[in-house]
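Residue numbers (the UniProt record's numbering): 1 to 356.
Think of the CB as a built atom: it goes at the ideal place given N, C-alpha and C, for glycine as much as any other residue.
All figures in this text were calculated on a predicted structure; none of them were measured in a lab.
Right, here's the structure in full:
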């Protein structure tokens with residue numbers, strides 16, 4: 001295929017004409033072709049619907065390609081996943097039958113979502129992507145690892161388990177990516193992450209991405225990333241373009257709604273998922289622009305991840321928080337911590353604030 005006509009052969013999705021905020025439009029004007037990526041990778045990027053790099057992609061892709069460690073703060077919903085998947089796919093040697101990249105995430109949902117992005121971006125490449133998480137068949141994962149795998153996406157405990165058994169061989173893994181790094185460095189996951197790093201080559205590259213970086217990150221950085229390239233695109237924590245409201249309700253009103261709308265089994269399943277705040281990190285549905293917090297989050301971090309489900313990739317969004325009298329202190333504290341304003345819900349909501 002000649003240099004002139006390869007783009008003409010692409011099966012592009014319809015252009016997204018929705019309004020976009022500065023979270024994804026405040027770029028330097030770069031093109032994906034400026035990074036000298038493999039043509040097969042460029043084909044996957046364009047067929048995924050990406051037209052130009054978002055700010056986090058502009059900052060991280062060229063640096064990651066140089067082999068430097070990266071510590072990046074960027075909002076959810078601004079193209080963060082592609083910001084590390086693209087350089088990972090570019091650096092993999094397709095002819096080398098070995099795991100060359102490991103992407104660690106805190107939840108099964110996020111692992112499945114991330115692996116799907118890798119597969120879609122790399123669909124014209126001969127790269128084998130595998131996902132492995134706790135709660136699934138270990139035997140199936142062992143069988144799969146006897147076949148070629150170039151890129152492994154998983155949760156720390158499961159990847160470590162397979163590595164300690166000698167099934168997952170990481171001696172050729174030159175890149176470790178940590179998405180939602182704040183959660184991966186919580187007491188639940190950090191011991192597994194640090195143990196896993198011992199199996200990697202000393203020359204490995206580490207990329208850390210998150211929307212929030214608590215103090216635990218600094219100690220980890222000082223130990224494993226002595227001179228990282230630091231990217232901070234967090235002038236404010238909440239996504240631009242998301243309007244936030246609260247509505248006072250009584251607890252019995254919420255219970256009545258649940259009893260009316262859901263069967264008992266459905267209620268139990270929904271509560272189980274949402275009681276675990278990790279669940280909110282694993283949802284990325286591009287068309288969602290309204291989030292309703294039925295149970296108001298206890299922490300600013302959880303609130304940030306939940307409202308970030310709306311307004312994906314710079315689009316407008318709406319977050320409505322149902323709060324009880326007891327929630328009012330949390331509401332005020334979260335407003336202060338995030339430097340944002342959550343307003344009382346008006347009698348009528350103008351659709352143009354979340355639908356354009």
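Using the Cα positions of residue i and residue j, report the straight-line distance between them to the nearest angstrom.
i: residue 66; j: residue 242; result: 35 Å
i: residue 129; j: residue 184; result: 21 Å
i: residue 53; j: residue 330; result: 37 Å
i: residue 300; j: residue 204; result: 33 Å
i: residue 87; j: residue 328; result: 44 Å
i: residue 275; j: residue 189; result: For residue 275, the predicted structure reports a pLDDT of 48, less than 50, and the residue's modelled location is therefore unreliable. A value from the coordinates is still provided. One C-alpha to the other measures close to 19 Å.
i: residue 85; j: residue 176; result: 11 Å
i: residue 247; j: residue 333; result: 17 Å
i: residue 56; j: residue 345; result: 33 Å
i: residue 104; j: residue 222; result: 19 Å
i: residue 316; j: residue 137; result: 40 Å
i: residue 144; j: residue 164; result: 16 Å
i: residue 298; j: residue 28; result: 37 Å
i: residue 77; j: residue 50; result: 14 Å
i: residue 7; j: residue 30; result: 18 Å
From this set, the options, which residue's C-alpha is nearest residue i's C-alpha?
i: residue 131; options: 117, 246, 336; result: 117
i: residue 82; options: 337, 134, 342, 59; result: 59
i: residue 319; options: 134, 342, 335, 326; result: 342
i: residue 198; options: 160, 230, 233, 165; result: 160
i: residue 13; options: 38, 337, 57, 43; result: 43
i: residue 72; options: 297, 302, 106, 233; result: 233
i: residue 11; options: 109, 230, 47; result: 47
i: residue 101; options: 147, 200, 134, 49; result: 200
i: residue 147; options: 37, 167, 74, 231; result: 167
i: residue 295; options: 289, 322, 306; result: 322
i: residue 202; options: 316, 173, 217, 335; result: 173
Does the distance from the CB of residue i to the CB of residue j come in under 8 Å?
i: residue 196; j: residue 99; result: no
i: residue 121; j: residue 89; result: yes
i: residue 220; j: residue 80; result: no
i: residue 94; j: residue 126; result: yes
i: residue 150; j: residue 40; result: no
i: residue 35; j: residue 15; result: no
i: residue 191; j: residue 69; result: no
i: residue 141; j: residue 110; result: no
i: residue 324; j: residue 249; result: yes
i: residue 114; j: residue 179; result: yes
i: residue 307; j: residue 244; result: yes
Mark residue i as exposed unless 16 or more other C-beta atoms lie within 10 angstroms of its C-beta, in which case mark it buried.
i: residue 286; result: For residue 286, the predicted structure reports a pLDDT of 49, less than 50, and the residue's modelled location is therefore unreliable. The matter cannot be settled from this model.
i: residue 213; result: buried
i: residue 97; result: exposed
i: residue 352; result: exposed
i: residue 211; result: buried
i: residue 75; result: buried
i: residue 182; result: buried
Could you tell me whether any Cβ in chain C is nearer than 8 Å to the Cβ of residue i?
i: residue 193; result: Among the chains of the structure shown, chain C does not appear; only one protein chain is present.
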